[in-house]
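Asks: Start counting the sequence shown at 94; every next residue gets the next number (this note's numbering).
Pasting in a structure now, in structure tokens, and then I'll have a few things to ask.
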Amino acid sequence: DAYLGAIDAANGKLNAYVAVTADKAREMAKASDQRIAAGEARALEGVPVGVKDLFATEGVHTQACSHILDGFKPRYESTVTANLWNDGAVMLGKLNMDEFAMGSSNETSYYGPVINPWRAKDSERDLVPGGSSGGSAAAVAAWLCAGATATDTGGSIRQPAAFTATVGIKPTYGRCSRWGTVAFASSLDQAGPITRDVRDAAIMLKSMASVDLKDTTSVDVPVPDYEAALGQSIKGLKIGIPKEYRVDGMPAEIEALWQKGIDWMRDAGAEIVDISLPHTKYALATYYIVAPAEASSNLARYDGVRYGLRVPGKDITEMYENTRAEGFGREVQRRIMIGTYVLSAGYYDAYYLRAQKVRSLIKRDFDLAFEAGVDAILTPATPSAAFGIADENLANDPVKMYLNDIFTVTVNMAGLPGMTVPAGLDSNGLPLGLQLIGRPFDEETLFRAAHVIE
Ligand code: GLN
């Protein structure tokens, strides 16, 4: 009731929820009460969570915040959310996001932008919460849920977490099942939690993660007790500092924050080593070929026949065209066009195939660093703090918007776990985050190190 009341009071302004499932929440909470009374509480018994609109929730609004999925209510539940309900969590509703998870500011949502609960000192200006999991981050930051599910294809968990002083972890590719999560770029998409602190992230990820026969890319490795890693010493841990992340034009405050993080790690007994990830400079260009290519293929299913919106035309071709023209927003249309272009017969070798090769090199950079004994890598999470809604520099310049993902996309390209932890405020009083990157399936080391920063 407290959370539902908070949503009632704040959502009109923040626009973090696109659907509130109050009746369901009360019903689930009642069942949790009974479990608790009977001494049968499960790991997340009664914990109220919000769900990114990308996760299929049975009988409940699931539209990836797109017009083209109008009225879609799946008859099945995603594996990740099913895992949460099986552990006793309570669903509060569906959270706003960039349309089909394409964006870095939550401004591409069909349901309008999410407002960041944070504001700069002495400023009335509304800021973005980051994206694409902007609703998840804003809801957690504003106490509109205790934790939220999110997804990350190129930074969509880590960047919004950094913009809202929350914790976000994108686990290793294959750690969480993608079944029932609306596909954006299947080889990059991973689910993970956004929470208020590192401990909550550890508890929630343990519940979300599982091997799943319905997703052949989920991996059959034991899910450790992440919470047990918290508080363990990081003495002797080798933390790599990649020189290529000192990008041109990086604000001094971000640089200073990074140095602070390095000092914290060193003071806690970690060994700091300089490393090189030489192919970093190609990461954004490569990501913005691979991700749209996969997206254009995944989004072909929205044709006005099988799901959601249908806009009639004089024949079936015109019906497809009308439905897609009206149903997809501008950014999604842009991605489909880039994707089909780089996959087309004349350009496949020059763009898509080449991008896949560069992707292997990016992954190899990380492999070599880990082979040389590095346990985790520390970088800034974002090149700036949260920016304004409809920022005049960004709104009409998609490439500038893409630059936001400069520190996060490499992690998805390499399939590695990455985590954002709040690390302080800038001179305007806005949150900044640090990112930790780990070896495949070694989220535990990230939790251990993140606990030192927080
Ligand atoms: N901002 C990136 C994009 O627009 C990443 C999005 C994501 O991780 N879902 O593609």
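Backbone N, C-alpha and C fix where the C-beta goes; we use that ideal spot for every residue, glycine too.
#1: Whose CA, out of Gly354, Tyr203, Ala361, lies closest to the CA of Asp191?
#2: With three or more C-beta pairs closer than 8 angstroms as the rule, is the stretch 155–168 touching the stretch 232–251?
#3: Quick one: what's got a C-beta closer than 6 angstroms to Gly261's C-beta in the same chain, skipping five residues either side?
#4: Would you say Leu107 and Val142 are within 8 angstroms of each other, going by their C-beta atoms?
#5: Examine the ligand GLN and report whether any of its heavy atoms sits within less than 7 angstroms of the Cβ of Thr244.
#6: Cβ of Ser249 within 7 angstroms of any heavy atom in the ligand GLN?
#7: Should Lys299 be labelled buried (16 or more other beta-carbon atoms within 10 Å of its own) or exposed?
#8: Given a threshold of 16 other Cβ atoms within 10 Å of its Cβ, counted over all protein chains shown, does Glu411 qualify as buried or as exposed?
#9: Runs of 4 residues minimum, wholly inside the stretch 238–323: which ones carry the alpha helix (DSSP H) assignment?
#10: So the candidates are Tyr413, Leu525, Ala542, Gly511; which of them puts its Cα closest to the Cα of Gly264?
#11: Who does Gly186 pair with in a DSSP beta bridge?
#12: I'd like the ranges of any alpha helix (DSSP H) spanning at least 4 consecutive residues and lying wholly in the stretch 348–392.
#13: With DSSP collapsed to three states, give me the class of Phe148.
#14: Is the distance from the Cβ of Glu138 to the Cβ of Ala278 below 8 angstroms?
#15: Here's a check: name, in chain order, each residue in its chain whose Cβ is nearer than 7 angstroms to the Cβ of Ser225, leaving out the five neighbours to either side.
#16: Just to confirm my understanding: we take Pro317, look at its own chain, exclude 5 residues before and 5 after, and list those with CB closer than 7 angstroms. What are they?
#17: If contacts are defined as beta-carbon pairs under 8 angstroms, then Ser326 and Gly362 qualify, I think. What distance do you get, rounded to the angstrom?
#18: Can you give me the Cβ contacts of Ala136 inside the same chain, cut-off strictly under 8 angstroms, excluding the 5 residues immediately before and after it?
#19: How about Asp535 and Lys331: are their beta carbons less than 8 angstroms apart?
#20: Express the C-alpha separation of Ala302 and Asn176 in angstroms, rounding to a whole number.
#21: Hey, Leu188 and Gly228: beta-carbon distance below 8 angstroms or not?
#22: Name the residue from Ala99, Gly273, Val340 whose alpha carbon lies nearest to the alpha carbon of Asp308.
#23: Looking at the strands, I want to know which residues DSSP matches up with Pro210.
#24: For a minimum of 4 consecutive residues, which ranges assigned as the alpha helix (DSSP H) are wholly contained in the stretch 501–543?
#25: When the Cα of Ala112 is compared with those of Gly152, Ala124, Val340, which residue comes out closest?
#26: Out of Ala479, Glu464, Phe459, Ala478, which has the shortest C-alpha to C-alpha gap to Leu471?
#27: One question on the structure: do Gly531 and Ala516 come within less than 8 angstroms of each other, judged by their Cβ atoms?
#28: Using CA atoms only, rank isn't needed, just tell me which of Asp215, Leu454, Ile129 is closest to Leu523.
#29: Kindly indicate which three-state DSSP category Ala469 falls into: helix, strand or coil?
#30: Classify Ser437: buried if its beta carbon has 16 or more other beta carbons within 10 angstroms, exposed otherwise.
#31: CA-CA distance, Leu539 and Asn497?
#32: What did DSSP end up calling Leu162 once you bin it into helix, strand or coil?
#33: Does at least one heavy atom of the ligand GLN sit under 7 angstroms from the Cβ of Trp241?
Replies: Put simply:
#1: Tyr203
#2: no
#3: Cβ-Cβ distances below 6 angstroms link Gly261 to Ile250, Arg251, Ala254, Ile287, Thr513 in the same chain, with the five nearest sequence neighbours on each side left out; the list follows chain order.
#4: no
#5: Yes, since a heavy atom of the ligand GLN falls inside the 7 angstroms radius drawn around the Cβ of Thr244.
#6: yes
#7: buried
#8: exposed
#9: 251–257, 291–301, 319–322
#10: The sequence shown places Pro at residue 264, not Gly. Here the closest residue by C-alpha is Gly511.
#11: Looking at the DSSP output, Gly186 shares a beta bridge with Val113, Gly143.
#12: 376–391
#13: strand
#14: no
#15: Met190, Asp191, Ala194, Met195, Gly196, Asn199, Ser249
#16: Glu537
#17: 6 angstroms
#18: Listed in chain order, the non-local C-beta contacts of Ala136 below 8 angstroms within the same chain comprise Asp180, Gly181, Ile296, Lys299, Ser300, local neighbours out to five positions each way being set aside.
#19: no
#20: Asn176 and Ala302 have their C-alpha atoms some 8 angstroms from each other.
#21: yes
#22: Closest in C-alpha terms to Asp308, from the list Ala99, Gly273, Val340, comes Gly273.
#23: Answer is none; Pro210 lacks a bridge partner.
#24: 502–507
#25: Gly152
#26: Of all alpha-carbon atoms in Ala479, Glu464, Phe459, Ala478, the one lying nearest the alpha-carbon of Leu471 is that of Phe459.
#27: no
#28: Asp215
#29: strand
#30: Exposed, since its Cβ has fewer than 16 Cβ neighbours within 10 Å.
#31: 22 angstroms
#32: helix
#33: According to the sequence shown, residue 241 is Ala rather than Trp. No, since every heavy atom of the ligand GLN falls outside the 7 angstroms radius drawn around the Cβ of Ala241.
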